[in-house]
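Novice:
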Amino acid sequence: MNRRAFIKIAATFTGSTLVTGIFAQEKENTPSGKRPNIVFILADDMRLDYLECMGMNKNVKTPNLNTLAAKGTLFTNGFVTTAACTPSRTSIMTGQYERKHGITFGSNSAMSENQFSQTYPMLLKQAGYFTGYIGKNHTPAGKSEKGLGYKSGLMEKEFDYWYGGHGHLGFYPKGKHKIFKNVKPDTQIEIIQKGTDNFFDQNPEFAKTKNFLKTRPRDKPFCLQINFNVPHGAGTGSMQMKPTDPALYRTTYRDQIDHMPQPKTYIAEKDIKTPKVPTHVYNGQYISGYNYVKKPEALRERQVRTCQTVTGIDNLVGSVVKELEKQGLADNTIIMFTSDHGLQHGEHGLGGKVLLYEESLRVPLIIFDPRLKKSHGRKVKPIALTVDFAPTLLELTGNPVPKGMQGHSLKPLMQGDNTNWRNDFFCENMFMGQNYPRMEAVRSGKWKYIRYFSKKNDQHHILSLIAPLTGEKPVYEELYNVQDDPSETKNLAGDKNYKEILDQYRKRCNELLKEAKGDNKLPDTHVKEFDKPSFKENVENIYGVLKLK
140 MNRRAFIKIA ATFTGSTLVT GIFAQEKENT PSGKRPNIVF ILADDMRLDY LECMGMNKNV
200 KTPNLNTLAA KGTLFTNGFV TTAACTPSRT SIMTGQYERK HGITFGSNSA MSENQFSQTY
260 PMLLKQAGYF TGYIGKNHTP AGKSEKGLGY KSGLMEKEFD YWYGGHGHLG FYPKGKHKIF
320 KNVKPDTQIE IIQKGTDNFF DQNPEFAKTK NFLKTRPRDK PFCLQINFNV PHGAGTGSMQ
380 MKPTDPALYR TTYRDQIDHM PQPKTYIAEK DIKTPKVPTH VYNGQYISGY NYVKKPEALR
440 ERQVRTCQTV TGIDNLVGSV VKELEKQGLA DNTIIMFTSD HGLQHGEHGL GGKVLLYEES
500 LRVPLIIFDP RLKKSHGRKV KPIALTVDFA PTLLELTGNP VPKGMQGHSL KPLMQGDNTN
560 WRNDFFCENM FMGQNYPRME AVRSGKWKYI RYFSKKNDQH HILSLIAPLT GEKPVYEELY
620 NVQDDPSETK NLAGDKNYKE ILDQYRKRCN ELLKEAKGDN KLPDTHVKEF DKPSFKENVE
680 NIYGVLKLK
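In our numbering, each residue's number is its place in the sequence shown (first place is 1) plus 139.
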């Protein structure tokens with residue numbers, strides 16, 4: 140990008156200021172008697188290469204996130220354990236693998252009240268924190284006479300400050316969610332910005348939604364989670380470039396559209412000769428909402444919109460930092476930024492996420508704790524997972540980590556401590572809609588093994604969770620040397636020279652699968668079909684004979 144283009148983009152950072160002042164007063168310890176606040180910021184479908192400071196994309200500009208990363212801790216190997224919205228967001232809140240928490244996308248399941256009480260925001264609430272939730276919610280919880288999950292009203296009731304919408308927000312959320320109708324902006328990020336501003340300083344504009352928006356006590360620590368529905372296609376795909384939209388979403392990056400980088404392994408639909416995954420395993424090359432990858436020009440348009448919305452998120456990050464400074468909260472507030480998963484941009488001719496390739500699994504991850512001087516300016520290479528986020532936030536706030544959480548606190552890595560750390564990890568997909576097969580994988584520093592299960596064997600998701608533990612065999616396998624072949628172009632699973640490594644990772648996948656399941660108990664979830672006693676009894680009997688050795 141040339142200097143003139145950069146200046147043009149920089150000029151669009153209205154509504155926030157490029158902030159560095161928060162980092163000027165570094166303190167080693169928490170002020171006496173004060174517990175740290177938390178601001179957790181979650182993007183949607185944001186690929187790792189859209190974080191400018193990673194140096195993977197010369198077009199996108201994220202100056203505030205760059206500053207946060209430079210002064211905090213940048214994790215260069217952040218991964219999700221499942222690349223679909225609902226289970227990944229549930230893993231973030233619970234610190235558990237999908238295999239254990241049992242909340243699968245599109246499965247008519249929801250966290251039970253007990254499960255929800257053990258999420259990191261609710262544990263902090265029990266410890267005296269004021270809790271806030273703003274933006275997209277894709278984590279179903281609770282059951283009431285009104286219905287299951289999103290209809291239950293549990294999250295609205297339990298969060299002290301609720302300014303969110305269940306399911307997709309779209310780029311213009313007011314038409315989907317009444318809670319947003321009273322603010323002036325129409326665009327998603329700016330509506331979320333208004334809700335965030337109101338969290339810090341009550342605004343009369345929100346008077347009509349007061350029943351969900353308690354005033355933040357100034358004498359209590361807070362935990363605020365800000366959740367976007369961009370650059371997800373539900374947001375970027377519904378952009379209309381209205382005259383009333385901020386200039387950022389109408390003109391910025393438009394002069395770069397012909398220079399948007401095409402992925403190295405991009406294949407247009409007309410050029411696909413052999414599908415990446417055999418059609419008898421996966422026959423949904425283009426998922427509804429992601430078919431823009433079919434043609435290069437459509438992909439470039441979506442890349443522009445992705446850059447626009449990522450810069451919009453960056454603006455909000457800058458605004459939050461500025462507000463923390465203004466209110467004297469900067470030296471005692473932990474800021475964490477990440478995404479629920481990545482996204483395929485036509486690599487191997489694929490669109491969407493869910494598949495366990497690098498573009499879907501890798502996410503940006505930044506943690507800034509102003510109290511931990513050793514963590515400032517540090518880049519961390521060891522593997523960090525979504526299941527680690529909840530234990531990390533609990534430890535950083537001085538709270539115990541429940542035994543039910545399967546992740547590990549990242550604090551030792553943030554401080555550069557010598558610690559035994561994972562060399563590999565387990566990831567999975569249990570979503571069976573849209574032609575996706577069930578998948579399991581192991582990813583280490585050098586190797587990735589993926590196995591796929593036949594859709595002919597699909598059954599109720601609560602039973603599919605244990606199918607491989609009871610003898611189901613995969614129908615297709617992949618093995619990649621991701622160190623030498625990071626684009627995953629050469630599948631070595633059928634090469635006899637790698638049979639020993641393949642067998643090693645088959646065994647390792649079984650081991651990690653059992654660890655991810657955790658025990659032989661039925662997940663503590665609400666499942667719609669459990670309203671039928673005979674169905675629940677049958678499932679309980681199947682789980683009852685499961686042995687994890």
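For glycine and all other residues, C-beta sits at the position ideal for the given N, C-alpha and C.
Taking the beta carbon of P170 as the centre, do at least 16 other beta carbons fall within 10 Å, making it buried, or is it exposed?
Specialist: Counting from 1 along the sequence shown, the entry for residue 170 is found at position 31. The predicted model places P170 with a pLDDT of 47, which falls under 50 and marks its position as unreliable, so this point remains unresolved.
Novice: With which residues is W586 paired in a DSSP beta bridge?
Specialist: Here residue 586 is taken as the residue at index 447 of the sequence shown, counted from 1. N620, per the DSSP bridge assignment.
Novice: Go through its chain and collect everything with a Cβ distance to K353's Cβ below 7 Å, but skip five positions before and after it.
Specialist: One-based indexing of the sequence shown puts residue 353 at position 214. Hits under 7 Å: D299, Y300.
Novice: Does the beta-carbon distance from T278 to P370 come in below 8 Å?
Specialist: Here the question's residue 278 lines up with position 139 in the sequence shown. Here the question's residue 370 lines up with position 231 in the sequence shown. No, the pair does not count as a contact, with Cβ atoms beyond the cut-off.
Novice: Check E498 in the structure and name its three-state DSSP category.
Specialist: The count along the sequence shown starts at 1 and reaches residue 498 at position 359. Here E498 sits in helix by DSSP.
Novice: By alpha-carbon positions, which one of K200, Y619, V322, E650 ends up nearest to K638?
Specialist: As a working note, residue 638 is residue 499 in the sequence shown. Nearest C-alpha to K638: Y619.
Novice: Which whole-angstrom value is the C-beta distance of N198 and Q395, which I expect to be below 8 Å?
Specialist: Taking the sequence shown and counting its residues from 1, the one referred to as residue 198 is at position 59. Taking the sequence shown and counting its residues from 1, the one referred to as residue 395 is at position 256. Rounded, the Cβ-Cβ distance is 5 Å, consistent with contact.
Novice: One question on the structure: do D670 and S251 come within less than 8 Å of each other, judged by their Cβ atoms?
Specialist: As a first step, residue 670 must be located in the sequence shown, where it is residue number 531. As a first step, residue 251 must be located in the sequence shown, where it is residue number 112. No; because the gap between Cβ atoms is not below 8 Å, this pair is not in contact.
Novice: Less than 6 Å between C-beta atoms, sequence neighbours within five positions excluded: which residues of the same chain meet that for A280?
Specialist: The residue given as residue 280 occupies position 141 in the sequence shown. Excluding sequence neighbours, A280 sits near A249, M250, F255, L293, M294.
Novice: In terms of residue numbering, what span does the beta strand (DSSP E) encompassing R517 cover?
Specialist: Position 378 of the sequence shown, counted from the first residue, corresponds to residue 517. Segment 517-519, the beta strand (DSSP E) holding R517.
Novice: What does a CB cutoff of less than 8 Å around T472 pick up in its chain, not counting 5 residues either side in sequence?
Specialist: The count along the sequence shown starts at 1 and reaches residue 472 at position 333. Excluding sequence neighbours, T472 sits near P175, N176, I177, V178, L463, P509.
Novice: Starting from C446, trace the alpha helix (DSSP H) in both directions and tell me its first and last residue.
Specialist: To locate residue 446, count along the sequence shown from 1; it is residue 307. Unbroken alpha helix (DSSP H) run through C446: 435-465.
Novice: Here's the rule: buried if 16 or more other CB atoms are within 10 angstroms of the residue's CB, otherwise exposed. What is S283?
Specialist: Within the sequence shown, residue 283 is the residue found at index 144, counting from 1. With fewer than 16 Cβ atoms within 10 Å of its Cβ, S283 is classed as exposed.
Novice: Where does S548 fall in DSSP's three states?
Specialist: For the purposes of this step, residue 548 is taken as the residue at position 409 of the sequence shown. Three-state result, S548: coil.
Novice: Just how far apart, CA to CA, sit D623 and K629?
Specialist: Residue mapping note: residue 623 aligns to position 484 of the sequence shown, counting from 1. Residue mapping note: residue 629 aligns to position 490 of the sequence shown, counting from 1. Near 10 Å, if we compare the C-alpha coordinates of K629 and D623.
Novice: Here's the rule: buried if 16 or more other CB atoms are within 10 angstroms of the residue's CB, otherwise exposed. What is M399?
Specialist: In the sequence shown, residue 399 corresponds to position 260, counting from 1. Buried, because 16 or more other Cβ atoms sit within 10 Å of the Cβ of M399.
Novice: Short of 7 Å in beta carbon distance, which residues of its chain neighbour G657, apart from the five on each side in sequence? Order them along the chain.
Specialist: Translated into the one-based positions of the sequence shown, residue 657 becomes position 518. Excluding residues within five positions, the ones whose Cβ falls inside 7 Å are K239, Q545.
Novice: Pick out the complete beta strand (DSSP E) segments inside the region 192-256, 3 residues or longer, and give them in chain order.
Specialist: The region 192-256 contains these whole beta strand (DSSP E) runs: 212-214, 248-250.
Novice: Quick check: L218 and R582, are their CB atoms within less than 8 Å of each other?
Specialist: Counting from 1 along the sequence shown, the entry for residue 218 is found at position 79. Counting from 1 along the sequence shown, the entry for residue 582 is found at position 443. Checking the sequence shown, residue 218 turns out to be Phe, not Leu. Yes, Cβ-Cβ distance for F218 and R582 is below 8 Å.
Novice: Check whether the region 206-225 and the region 563-576 are in contact - that is, three or more C-beta pairs closer than 8 Å.
Specialist: Verdict: yes, contact present.
Novice: Among N430, F507, L494, Y588, whose alpha-carbon lies nearest the alpha-carbon of D470?
Specialist: In the sequence shown, counting from the first residue as 1, residue 470 sits at position 331. Selected option, being the one with the closest Cα: F507.
Novice: Buried or exposed: which applies to N683, given that a residue is buried once 16 or more other Cβ atoms fall within 10 Å of its Cβ?
Specialist: Position 544 of the sequence shown holds residue 683. For clarity, residue 683 is Gly in the given sequence; the question names Asn instead. With fewer than 16 other Cβ atoms within 10 Å, it is exposed.
Novice: Which whole-angstrom value describes the C-beta separation of L495 and A580, a residue pair presumed to lie in contact below a C-beta threshold of 8 Å?
Specialist: The residue labelled residue 495 in the question sits at position 356 within the sequence shown. The residue labelled residue 580 in the question sits at position 441 within the sequence shown. Yes, they are in contact, since the Cβ atoms of L495 and A580 sit about 4 Å apart, within 8 Å.
Novice: Are the beta-carbon atoms belonging to H515 and V432 less than 8 Å from one another?
Specialist: Within the sequence shown, the letter at position 376 stands for residue 515. Within the sequence shown, the letter at position 293 stands for residue 432. No, the Cβ-Cβ distance between H515 and V432 is not below 8 Å.
Novice: Which of the three DSSP states, helix, strand or coil, is assigned to P625?
Specialist: The residue labelled residue 625 in the question sits at position 486 within the sequence shown. P625: coil per DSSP, three-state reduction.
Novice: Go through the region 249-297 residue by residue and report every complete run of the alpha helix (DSSP H) that reaches 4 residues or more, in order.
Specialist: With a minimum length of 4 residues, the continuous alpha helix (DSSP H) runs that stay inside the region 249-297 are 252-256, 259-265, 293-297.
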